[in-house]
Ligand SMILES: Cc1ncc(C[n+]2csc(CCOP(=O)(O)OP(=O)(O)O)c2C)c(N)n1
Ligand SMILES: [Mg+2]
């Protein structure tokens, strides 16, 4: 039930963020995690408190899955003083060391060598911390990926690569295509396997399968077996198909049983590929929750997000006197 609540929290956070953007509350580009909630939530629940994470332009769901305060996260994205980095990181560069997130980078694959470096540091210090490197399928096209796999494998580093293959763009395969348009290596797991890193492909909409695969990989890393790689596959949310996210239908838990309220062009995704609705159906069908209990969890997640948005909007912008504080800049 806690996983369900976190997934709904992410979904409502992202839909609400799209609303804030459309109201002109913040400038600049951003990406949302809708459609991948059943990957981050069960996967990151397998980690310990002291483990490290590095993430990408699609980071909001990763942070919230790990327990980030949605008010501080909204504030960061909106450039406000009460954000995780006092509004100076924004959506692309959130760091939250208290949650283990040492860095987010909007540079595709930019964090892979950093994650491998953190894993090397943990090994050198003989700590049992592992590092999770959260990347998209597109990151495998960059040279930083194989270089980092090589070192991680040779030095048996405690790093778990989670590659979220959300299809269609980047290295992800378009529906029905036998091969990726942008990667000569396919399946994508052939790349880490060439570097002797054990790799698995998992359905990223199956929370139970994701949890099982991650528990196993984390245990292997803690036993000293070195780097592991997991590719999770999801179908891209129709609202992320264009440059600017747009919600085809606001999420309501009743969509788990009846998608007739969704515009036809997006209906099939909500019917068969929405990981949150799939998880809700599973909980109810297996008797783990009633529809009423799900509706209550949903209501409390919505309220938490409304309150978080109010908190962020009430937070001031950082003052001019703070412009050069906490930044590295040569004189
Ligand atoms: C080095 C680099 N090249 C290109 C871009 C532009 N860019 C931003 S997101 C993106 C797609 C990345 O695909 P993937 O890693 O699969 O992430 P997804 O958006 O599909 O979740 C690209 C090419 C970038 N940010 N950095
Ligand atoms: Mg992708």
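Residue numbers (my numbering): 66 to 396. The beta carbon of each residue, even a glycine, is placed where N, CA and C say it ideally should be.
When beta bridges are read from the DSSP output, residue 228 appears opposite 200, 296. Residue 307 is not a Cβ neighbour of residue 269, given a cutoff of 8 angstroms. In the structure shown, the three-state DSSP call for residue 120 is strand.
Bridge partners of residue 238 according to DSSP: none are assigned. Comparing C-alpha distances from residue 69 to each of 342, 121, 133 shows the shortest one belongs to 342. Sequence-distant partners of residue 320 (beyond 5 residues in either direction) whose C-beta falls short of 8 angstroms from its own C-beta, in its chain, are 314, 326, 327, 335, 339, 342. In the three-state reduction of the DSSP assignment, residue 167 falls in the strand class.
One alpha carbon belongs to residue 214, the other to residue 230, and they sit about 18 angstroms apart.
Our two residues, residue 75 and residue 359, have alpha carbons roughly 15 angstroms apart in a direct line.
Beyond the five residues adjoining it in sequence on each side, residue 80 comes within less than 7 angstroms, by CB distance, of 312, 315, 316 in the same chain, given in chain order. Sorted by chain position, residues whose beta-carbon lies closer than 6 angstroms to a non-hydrogen atom of ligand 2 are 201, 202, 203, 231, 234, 235, 237. For a cut-off of 8 angstroms, the C-beta gap from residue 203 to residue 234 is around 7 angstroms, short enough to register as a contact.
Boundaries of the beta strand (DSSP E) harbouring residue 266: 264–268, taken from the DSSP string. Cβ atoms of residue 72 and residue 102 come within 8 angstroms of each other, at about 4 angstroms. The alpha-carbon separation between residue 160 and residue 166 amounts to approximately 6 angstroms.
Counting C-beta atoms within 10 angstroms of its own C-beta, residue 386 has fewer than 16 neighbours from the protein chains shown and is therefore classed as exposed.
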